[in-house]
Amino acid sequence: MAKIGNIDVGGFPLLLAPMEDVSDPPFRALCKEQGADVVYTEFISSEGLIRDAAKSVMKLDIYEKERPVGIQIFGANLESMLQSVEIVEKSGPDIIDINFGCPVKKVVSKGAGAGILKDIPLMVSLTEAMVKHTKLPITVKTRLGWDQDSIKIVEVAERLQDVGASAISIHGRTRVQMYKGDANWAPIAEVKNNPRMHIPIFGNGDVDTPERAMEMRDKFGLDGAMIGRASIGYPWFFKEVKHYFRTGEHLPPPTMEERLDAARRHLQMAIDWKGEKLGVFETRRHYTNYFKGIPHFKEYRQKMVTSDDAADVFAAFDEVEKEFSGYEFV
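Numbering of the sequence shown is given in the UniProt record's numbering, commencing with residue 1 and proceeding in unit increments.
Structural data, given as structure tokens:
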């Protein structure tokens, strides 16, 4: 059984990855319902938090039904990161996660996210200071290294553990790779198999089928899987993986009724949380996967992803229900 600090997260937990403009409260709620064991917020700028920037502060919203939930922050300035820990604590998360893995240029250029992989001593000292600054467990999400020639993840993980990190999630790519090519899980297994390591090591990257999740567990021996892109517009992925673990069989795909119910609830929760304009805009990326595989669907998808009016999107759902009722997904 894996534990993050004193939090029991079960045997081979499935974690919802922190994804910007994706891992918000509405989507986290849907993933939790479908079996996600731990959910993380979108990553939040420490500088944005201490400036009281509205978008950053809004991301601190968490709800009891989500627990255990982690709030993820990023930054490269020690004072700002410590101030942000104090702000985050007031939201009452179970875990605080540090993002040392985001490869996006606007984050990396400030020395934050994966940018800190060029300065491992800073990465370690920031983690140590944050561990000492809070009673909440501090976890880290990172990548294998900056590039292929600088992969020192076994040593880095050891050092992070030694300064008090409670768990580490490792994406199986370097920063230079971004999201291209295949994730390499072998170095993550090296971290896990290091006899000095005793904290949970979670794998991330390309866990896109139940078989791949099982491979991460059984072949690579990791403590859990962090799920990102496979869950976008498809919160059922967590349930399907757990069913496969139990039975060795695939669950039938969700029905049209289940997909429409999820899409409607998702949109309504998003509107309730962030208002109609943002709620409509930020749920658009999910619709392709909600309705993936339906033939001759382009007309309906266009309505869903181009309308700025919630009523029009709900009307598109109604049209889909009328036109494709009983459609069987394979």
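C-beta atoms are modelled at their ideal positions from N, C-alpha and C, and glycine is treated no differently.
By alpha-carbon distance to N193, the top candidate from M178, N204, L222 and A165 is L222. A contact between stretches requires three or more CB pairs, one per stretch, nearer than 8 angstroms, and the segment 203–214 fails this requirement with the segment 256–271. The alpha carbon of R246 has as its nearest neighbour, out of M214, A270 and L267, the alpha carbon of M214. By the neighbour-count criterion, in which a residue is buried when 16 or more other Cβ atoms sit within 10 angstroms of its Cβ, K242 is buried. For D206, the secondary structure class from DSSP, reduced to helix, strand or coil, is coil. Under DSSP, M81 shares a beta bridge with no residue.
Within the model, the alpha-carbon separation for V313 versus H296 is close to 18 angstroms. According to the DSSP assignment, G10 belongs to the beta strand (DSSP E) that extends over I7 to G10. For E299, the number of other beta carbons within 10 angstroms of its own is below 16, and it is reported as exposed. In the three-state DSSP reduction, T306 falls in the helix class (H, G or I). Straight across, the Cα-Cα distance linking L117 with M123 is about 7 angstroms. Taken in chain order, the whole beta strand (DSSP E) runs of length 3 or more contained in the segment 141–216 are 167–171 and 201–204. Partner residues in the beta bridge of S45, as assigned by DSSP, are F74. Contact between the segment 44–55 and the segment 280–287 is absent: fewer than three C-beta pairs spanning the two stretches fall below 8 angstroms. Selection A29, G203, H133 and A2 evaluated against W236 yields A29 as nearest (Cα-Cα). Under the three-state reduction of DSSP output, A262 falls in the helix class. In this structure, D21 places its C-beta atom within 9 angstroms of the C-beta atom of E42. Closest in C-alpha terms to A316, from the list Y327, D308 and R301, comes R301.
For G326, no beta strand (DSSP E) run applies, since DSSP gives it neither H nor E.
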